[in-house]
Amino acid sequence: MIQLKTNFLTELGRHLGKHPDKEQILAEYDSHITEMLGEFNGKQRDEADISSELYSRLGTPEEIADSWREELSTTPMKTQWVFILANLIFFVGGTILTLVHNLFDFPFIDMAWKSLTSIPAVIILLYLFFWALLGYEIGKGFGHKGRRLMKKTFILSIMPNIILMNLTLFRLIPHDWFQPLLSPIFIIICILFTALLYPICWIGYRWGKKASI
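Going left to right, the sequence shown walks through residues 896 to 1108 as the working numbering numbers them.
Here it is in structure tokens:
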């Protein structure tokens, strides 16, 4: 089985060519293959069967190298701004809805407001999914290189949320605007879930990083 791993990594290295992260990629796959081969210890399976399982789960060295070359064409800046703008759209959309609901009298806006404020738990869960997706996509798209990008994207994306939370907590924005959401329990829940956003984003990143292998 050691020879099987050596052959796989040698072939992968050949297909990677002069990829700038060649050594890190090979190290990751070395670890992953070792873990996979450990699953077969003590089992009566011939080398051809194990080789077939290995290629089935990981893909061929050529396919793996092609996927890593594709990642080079995905720029970190583009990925970063996709998520920053997506969160900004949520933020601006919510701000506009709040202002229109409180300053004007549009029945359909009032209906939308009442519908949204009646399902705060669903909104929170969807928002948590957004942050998990952010980490997952960066982990999957950039692998081990994406950790710094994830941190920077997270910080830039969450700034509007932190600003709004402070404006609301210090009553610089009228609390009446956010009724019936702003109960003490809901405020505490929001603070707790905000503290959980980075760990959730990190878990998504690790999951995406593993999926990229």
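Positions of the beta carbon are idealized from the N, C-alpha and C atoms, including for glycine.
For clarity, every value in this text was computed on a predicted model and none was experimentally measured.
- Query: Can you list the alpha helix (DSSP H) stretches of 4 or more residues lying completely in the stretch 1010 to 1085, in chain order?
  - Reply: For the stretch 1010 to 1085, the full-length alpha helix (DSSP H) segments reaching 4 residues or more read 1015 to 1037 and 1041 to 1064 along the chain.
- Could you tell me if Thr974 is buried or exposed, where buried requires 16 or more neighbouring beta carbons within 10 angstroms of its beta carbon? In the sequence shown, the residue the question calls residue 974 occupies position 79. It is buried - the Cβ of Thr974 has at least 16 other Cβ atoms within 10 Å.
- Item | Span separating the alpha-carbon of Ile1057 from that of Phe986 | Here residue 1057 is taken as the residue at index 162 of the sequence shown, counted from 1. Here residue 986 is taken as the residue at index 91 of the sequence shown, counted from 1. The alpha-carbon atoms of Ile1057 and Phe986 are separated by roughly 11 Å.
- Sub-8 Å separation of Pro971 and Phe1037 beta-carbons: Numbered from its first residue, the sequence shown carries residue 971 at position 76. Numbered from its first residue, the sequence shown carries residue 1037 at position 142. Taking 8 Å as the Cβ cut-off, Pro971 and Phe1037 qualify as a contacting pair.
- Contact belief for Ser926 with Ile979 at Cβ below 8 Å, rounded distance in angstroms: Taking the first residue of the sequence shown as 1, we reach residue 926 at position 31. Taking the first residue of the sequence shown as 1, we reach residue 979 at position 84. That pair is no contact at about 33 Å.
- Message: Could you check whether the Cβ of Met1006 sits closer than 7 Å to any heavy atom belonging to the ligand NAD?
- Response: The ligand NAD is not part of the structure shown, which contains no ligands of any sort.
- Can you name the start and end residues of the alpha helix (DSSP H) that His996 belongs to? Here residue 996 corresponds to residue number 101 of the sequence shown, with the count starting at 1. First-last of the alpha helix (DSSP H) with His996: Pro971 to Leu998.
- Message: Please tell me whether Gly989 and Tyr1031 are closer than 8 Å, where the distance is taken between their beta carbons.
- Response: Taking the sequence shown and counting its residues from 1, the one referred to as residue 989 is at position 94. Taking the sequence shown and counting its residues from 1, the one referred to as residue 1031 is at position 136. No, these two residues do not count as a Cβ contact at 8 Å.
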